[in-house]
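J.: So that we are looking at the same thing, I have put the structure below in structure tokens.
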Amino acid sequence: GALFTTPVLLKSLAIEDRSCPICQEAYIEPVAPGKKRDEDNSKEEEEDDQNAKEWPVSIDMVAEHCGLKRCCGHVIGRKCLERHLQSHGAWRNKCPLCRDVWFGNDAAENTPDEQDQAPPSADDRLRNPLRRSARIAAQMTATRRSQGSRMSDRHGVTRRPQCASVSGRSRSASSAGFMQQLLGMLEIESGGDEVKGTLEEVERRLGALYGDA
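If you read the sequence shown in the UniProt record's numbering, its first letter stands for residue 1, the second for the next number, and so on.
Written as structure tokens, this is what we have:
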């Protein structure tokens, strides 16, 4: 499946909410469209610098071969999200804050008892961040209702106006055909993950893929 996220501007967050609820690292502002570093900095230095930063992204929508659904909208750091999706834990297919199920977990090694089990120390560590992030999610939902939200690339960078991102793709054989259809429908370049459009526009386009439009 594909998980869609939107970068969140710091001005839309309360001061006390401007750090990741998982790692507690302070957020930076998502990189503005077309923003570039000084020419004397190499591409490698730029990539290293960007990889060292943490900015907020909201968890918006997931698309799988079985259907499309809106997610919880919780806001966490994009690096923590990437690590979470790449982990081998039974909870990697769920929101690390509220356990909203994003997509099916096909890990054969997971036992039934492990499916809903959180990391060993997560309960105490996430109790307060969960309350905080739930409040942020509610605020973000209200904002989206009043204005069309823009999506961005996998790192939360709005490289161009009206961009979107896809992350956490499942590469299993059973979903390979669906992923090819999805990438084609959203006109995602080979090896890329940018999608043009607002969340609502992307949702409508995917509706056609599922036969809903």
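All C-beta atoms in this analysis are idealised placements derived from N, C-alpha and C, irrespective of residue type, glycine included.
(1) Helix, strand or coil for Lys90, going by three-state DSSP, please let me know.
(2) Tell me, which residues are paired with Pro30 by DSSP?
(3) Alpha carbon to alpha carbon, how far is Ala26 from Arg18?
(4) Going straight from the alpha carbon of Arg78 to that of Val57, what length do you get?
(5) State the DSSP-derived secondary structure class of Leu81, mapped to helix, strand or coil.
(6) Taking Tyr210 and Gly89 to be in contact with their CB atoms under 8 Å, please state how far apart those CB atoms are, rounded to whole angstroms.
(7) Does the beta-carbon of Leu182 have 16 or more other beta-carbons within 10 angstroms, so that it is buried, or is it exposed?
(8) Among Arg205, His65, Gln86, Pro21, whose alpha-carbon lies nearest the alpha-carbon of Leu97?
(9) Are there 16 or more other CB atoms within 10 angstroms of the CB of Phe4, so buried, or fewer, so exposed?
(10) If you check the beta carbons only, do Asp100 and His74 fall under 9 Å apart?
(11) Out of Val202, Leu206, Leu10, Glu82, point me to the one whose CA is closest to Phe178's CA.
(12) Can you list, in chain order, the residues of its chain with a C-beta nearer than 6 Å to that of Pro120? Leave out the 5 residues immediately preceding and following it.
(13) Compare the C-alpha of Trp55 against each of Val62, Cys80, Met61, Arg70 and name the closest.
T.: Looking at the atomic coordinates:
(1) In the sequence on display, residue 90 carries Ala and not Lys. Annotated three-state conformation of Ala90 is coil, per DSSP.
(2) Per DSSP, none; premise fails for Pro30.
(3) 6 Å
(4) 6 Å
(5) helix
(6) That belief does not hold up - the Cβ atoms of Tyr210 and Gly89 are roughly 29 Å apart, past 8 Å.
(7) buried
(8) Pro21
(9) buried
(10) yes
(11) Leu206
(12) Note on Pro120: pLDDT 44, under 50, position unreliable in the model; no value is reported.
(13) Cys80
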